[in-house]
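To start, the structure under review is shown below, and the notes come after it.
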Amino acid sequence: MAMEAKVLESLLKEERAFPPPPHFVEKALVKDRSLYEEARADREAFWARQAENIHWFRRWDKVLDDSKAPFYQWFVGGKLNVSYNCIDRHLSTWRRTKAAIIWEGEPGDDRVLTYQDLYREVTKCANMLKELGIKRGDRVTIYLPMIPELPIAMLACARIGAPHSVVFGGFSAEALRDRINDCQAKLVITADGGWRRGNIVPLKKNCDEALAQCPSVEKVVVVRRTGQDVNMTAGRDYWWHELMAKAPIGCPPEEMDAEDMLFILYTSGTTGKPKGVVHTSGGYLVGVSTTHRLIFDIKDDDIYWCTADIGWVTGHSYIVYGPLANGCTTVMYEGSPDWPERDRFWAIVEKYGVTILYTAPTAIRAFMKWGTQWPARRDLSSLRLLGTVGEPINPEAWMWYYKYIGGERCPIVDTWWQTETGMILISPLPGVTTLKPGSATVPFPGVEAAVVNSSGEEVPLGSGGYLVIKSPWPAMLRTIYGDPDRYVQQYWSKFDGMYFTGDGARWDEDGYFWIVGRVDDVINVSGHRLGTMEIESALVDHPAVAEAAVIGKAHEIKGQAISAFVTLKEGIAGTPQLAEELKAHVAKKIGAIARPDDIFFTAELPKTRSGKIMRRLLRDIAEGRVLGDTTTLADPSVVSQIKQQYESQEA
Ligand code: 7RM
-16 MAMEAKVLES LLKEERAFPP PPHFVEKALV KDRSLYEEAR ADREAFWARQ
34 AENIHWFRRW DKVLDDSKAP FYQWFVGGKL NVSYNCIDRH LSTWRRTKAA
84 IIWEGEPGDD RVLTYQDLYR EVTKCANMLK ELGIKRGDRV TIYLPMIPEL
134 PIAMLACARI GAPHSVVFGG FSAEALRDRI NDCQAKLVIT ADGGWRRGNI
184 VPLKKNCDEA LAQCPSVEKV VVVRRTGQDV NMTAGRDYWW HELMAKAPIG
234 CPPEEMDAED MLFILYTSGT TGKPKGVVHT SGGYLVGVST THRLIFDIKD
284 DDIYWCTADI GWVTGHSYIV YGPLANGCTT VMYEGSPDWP ERDRFWAIVE
334 KYGVTILYTA PTAIRAFMKW GTQWPARRDL SSLRLLGTVG EPINPEAWMW
384 YYKYIGGERC PIVDTWWQTE TGMILISPLP GVTTLKPGSA TVPFPGVEAA
434 VVNSSGEEVP LGSGGYLVIK SPWPAMLRTI YGDPDRYVQQ YWSKFDGMYF
484 TGDGARWDED GYFWIVGRVD DVINVSGHRL GTMEIESALV DHPAVAEAAV
534 IGKAHEIKGQ AISAFVTLKE GIAGTPQLAE ELKAHVAKKI GAIARPDDIF
584 FTAELPKTRS GKIMRRLLRD IAEGRVLGDT TTLADPSVVS QIKQQYESQE
634 A
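Residue numbering for the sequence shown follows the numbering used here, starting at -16 and increasing by one per position.
Shown next as structure tokens:
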């Protein structure tokens, strides 16, 4: 049997291809393959040349030091300050008065900060932090909604050399407590509350609950956002606006080493304990600014909007650090895409004339479910480039995004990367790469990715296996905070000398990468290893289906049977006939081997707060197990509802 030979089979064929449109190529920053060639000829020289775009107080002595691998070091001996690069550098140019951040609150209030405004706010905030006793090296936890004070606080930390740990505002008191304790934060910056679908998220209340068990925290700064009464503990809690009113403008940036820690960002592992992913200063800034500029083709007149929350890595790298280092105008929105109506994103695009939009497949699938009338009521003609990140995008969602949002004129950059990688590693360059819907296409110049079998050997083009990165890249994580063994074990032990991503992928005859999702989610049917993504794509291809999650369920004969959890488009009922029709549809699109054994209709799928489907919990339901960790779910009640429905449909 070909059990071991094939790590992953791939059956779905995607034939559509979209070369860069001539009108786009004409003005693109990158129009030909010379960057790829330059990087292939000498990877380190390529990154060193990109590093010239950053302001260094002292130039590096060595581009890459691999003597302590896998504890790689980049731009060794280089000195810089990330906040100086994101702000001060632009003040001596015309960009001093350019909008740095265009912010919109959920209730409809807005604020525009120029680079000069940002300088004022960030240096005041840095002085406030110093006044509160924060010194270089101290950790600061930031638990804020999507308001300008969030990037201001991050940049102020970077200015004085205090690593920040941003905890997503949707996380609970317990999650916040564990993250504060893991990094032993001295200070927490929070708000009274944040707006979400017209309701107040009680951030200060959660914070008080967490702090009952966080002995390291000495002081708390509270931003007033929602205005309700909150408890203020004397001697510990201070209002942001009161301290800021007293803080002077102007604060010299600390000279940081290229390898000094910039931030910690927690990401959930397979075990309960979150991992504190550590990113440093020099390589990170080179990596995120280069990828941001070239992948999003950033020009000075662009209005760029990444819809992620800054609590995730996408927000760190592609709302804050990458865009501001490039002197770009970055849009920030506080709230939900369906508030007050389902056209909110399109209203924002229209209002500010957004030119580049970067969002997630989960959002696109929600927009598809809501229908085309919402984008149709707004003027989206300012858009010239679209991006996606976070999950594999199924070709139908890609085509919908291309047609109804991009008006068939905007290239789509499908960008593959991770919290750990810090920067995008696999993505098209929109003026060069021919797009194939559903593929993140090819590694960025200076990045070496491959698909390997379980022995670490590259599989032939046209086959699937494990996605690995073969050599270090500048924005890579440096360690897991406080747990270097876990860093080595998790990422560098499965394959000798290569970074293991945990993702499965296939590369096609043209060398394009098709990410199929986490390897833990792969299904094994009679010795055929199938990615869940392809079966889900085939389901979503059916006109009745809005979203699908597919899992393998233990089966005596086949090893695993395929169960599909399906949400339908609005107004469509889940009948037994439709279930049969969907099974037949998958069999026709992919082959009989992929035909689902069971289809369950459900109103919602369990998702993490960043929108990734949690198939592990669906497996627990299908196999009748006690549910595993549900603390990272966006809405924990969804799983118990699915469990009940599942058990009643089973019966
Ligand atoms: C940026 C981010 C990382 C995981 C990663 C993949 C999945 C992300 C894509 C994707 C297919 C993409 N960081 N993933 N981007 N899969 N195509 N373009 O999401 O740490 O939160 O998640 O997300 O499985 O390993 S993350």
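Every residue gets a Cβ at the ideal spot worked out from N, C-alpha and C, and that includes glycine.
By the Cβ test, the segment 433 to 451 is not in contact with the segment 288 to 303, since fewer than three Cβ pairs between them sit closer than 8 Å. Annotation for Lys45: the continuous beta strand (DSSP E) segment containing it runs 45 to 48. Scanning Leu127, Gly60, Cys166 for the CA closest to the CA of Gly465 turns up Cys166. Not one heavy atom of the ligand 7RM is found less than 8 Å from the C-beta of Glu242. Along the length of the segment 237 to 311, whole alpha helix (DSSP H) runs at least 4 residues long occupy 265 to 278, 305 to 308, reported in chain order. Within the segment 457 to 544, the complete alpha helix (DSSP H) segments of 4 residues or longer fall at 467 to 475, 515 to 523, listed in chain order. Per DSSP, reduced to three states, the secondary structure at Asn189 is helical. The C-beta distance from Tyr495 to Ser422 rounds to 5 Å, short enough to fall under 8 Å. Secondary structure at His38: coil, using DSSP grouped into helix, strand and coil. For Arg(-1) and Val332, the gap between their C-alpha atoms comes out near 28 Å. Annotated three-state conformation of Thr313 is strand, per DSSP.
Counting the other Cβ atoms within 10 Å of the Cβ of Asp175 gives 16 or more, which makes it buried. Annotation: Thr417 is outside any beta strand (DSSP E) and is labelled neither H nor E by DSSP. A Cβ-Cβ distance of about 35 Å is found for the pair Ile534 and Arg461, leaving them out of contact under the 8 Å criterion. Of the heavy atoms belonging to the ligand 7RM, at least one sits nearer than 8 Å to the Cβ of Glu374. Judged by the Cβ position, Val150 fails to qualify as a neighbour of the ligand 7RM at the 8 Å threshold, every heavy atom of the ligand being at least this far. Per DSSP, the beta bridge partners of Val435 are Glu441, Tyr449. Cβ atoms of Ile84 and Leu101 come within 8 Å of each other, at about 7 Å. Annotation for Ile498 indicates a beta carbon within 8 Å of some heavy atom of the ligand 7RM. With a cutoff of 8 Å, Arg598 does not count as near the ligand 7RM, since its C-beta is closer than that to no heavy atom of the ligand. For Phe328, there is no enclosing beta strand (DSSP E); the enclosing alpha helix (DSSP H) covers residues 327 to 335.
Its chain contains Pro320 as the residues whose beta carbon lies nearer than 6 Å to that of Phe328, once the 5 sequence neighbours on both sides are disregarded; these appear in chain order. Taking every protein chain shown into account, the CB of Val261 has 16 or more other CB atoms within 10 angstroms, so this residue is buried. Three or more Cβ pairs drawn from the segment 404 to 420 and the segment 365 to 385 lie within less than 8 Å of each other, which places the two stretches in contact. Proximity of the segment 74 to 92 to the segment 307 to 326 meets the contact definition, three or more beta-carbon pairs being nearer than 8 Å. In the structure shown, Tyr55 falls within a coil segment according to DSSP collapsed to helix, strand and coil.
Here DSSP, grouped into helix, strand and coil, assigns Trp400 to coil.
Restricting attention to Thr615, Val505, Asp220, the CA atom closest to the CA of Trp295 is found in Thr615.
Relative to the ligand 7RM, the beta carbon of Gln627 is positioned no closer than 8 Å to any heavy atom. In the DSSP assignment, Phe7 falls within the alpha helix (DSSP H) that extends over 5 to 10.
Contact check for Lys256 against Asn214 fails: the beta carbons are separated by 9 Å or more.
As summarised for the segment 144 to 201, the continuous alpha helix (DSSP H) elements at least 4 residues long and confined to that stretch are 156 to 166, 186 to 194, given in chain order. Around the CB of Ala567, fewer than 16 other CB atoms lie within 10 Å, so the residue is classed as exposed.
In the structure shown, Asp71 adopts helical secondary structure according to DSSP, grouped into three states. Taking C-beta atoms under 8 Å as the contact rule, Ser272 and Asn64 fail to qualify, at a distance of about 14 Å. In the same chain as Gln33, and ignoring 5 residues on each side of it, the C-beta atoms closer than 7 Å to its own belong to Val269, Thr273, in chain order.
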